[in-house]
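One structure below.
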Amino acid sequence: DMEIILRYVTYSIFTGDASVMEDRCLNGLRETYLALGTPGASVAAGVNLMKDAAIAIANDKAGITNGDCTALMSEIGTYFDRAAAAVA
Numbered sequence: 003d004m005e006i007i008l009r010y011v012t013y014s015i016f017t018g019d020a021s022v023m024e025d026r027c028l029n030g031l032r033e034t035y036l037a038l039g040t041p042g043a044s045v046a047a048g049v050n051l052m053k054d055a056a057i058a059i060a061n062d063k064a065g066i067t068n069g070d071c072t073a074l075m076s077e078i079g080t081y082f083d084r085a086a087a088a089v090a
């Protein structure tokens, strides 16, 4: 499921809209994990690890003109936070 969450987070970043992620990925996901006996906190921890990796990649300035990307980093973090909260 992590690759699906990552795909929808990426889509949300590109569109600037999390509604598709909410509707098609996160809606009911916590209940599915509960029914399967999967610890939501563990999935949320995995999502947070993906968030840290994504922000580290986006912050890597090697070969890129310097600029202020704080708004982008905040936006990226927000989508991962939504995904983690949906399963925790």
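In this text, residue positions in the sequence shown follow our numbering: the first is 3, and each later residue adds one. From the three backbone atoms N, C-alpha and C, an ideal C-beta is built for every residue, glycine too. All figures in this text were calculated on a predicted structure; none of them were measured in a lab.
Inter-residue spacing [alpha-carbon to alpha-carbon] between residue i and residue j
i, j, result
"Lys63", "Ile15", "19 Å"
"Cys27", "Met4", "11 Å"
"Ser21", "Val11", "11 Å"
"Gly42", "Ile66", "37 Å"
"Val49", "Asp83", "8 Å"
"Met52", "Arg9", "11 Å"
For residue i, three-class secondary structure by DSSP
i, result
"Ile57", "helix"
"Cys71", "coil"
"Ile66", "coil"
"Asn50", "helix"
"Asp19", "coil"
"Ala90", "coil"
"Gly42", "helix"
"Asp95", "It is not possible to answer for residue 95, since the shown part of the chain is limited to 3 through 90."
"Asp25", "helix"
Cutoff 9 Å: residue i Cβ touching any chain B Cβ
i, result
"Ile57", "Of the protein chains in the structure, only one exists, and it is not chain B."
Neighbourhood of residue i by C-beta distance below 8 Å, restricted to the same chain and skipping five residues each side
i, result
"Ala60", "Cys71, Leu74, Met75 and Ile78"
"Leu94", "Residue 94 lies beyond the stretch modelled for the chain, which goes from 3 to 90, so this question has no answer here."
Nearest to residue i (by Cα), restricted to the options the options
i, options, result
"Ala85", "Gly39, Ser44 and Thr67", "Ser44"
"Thr80", "Pro41, Asp54, Asn68 and Gly69", "Asp54"
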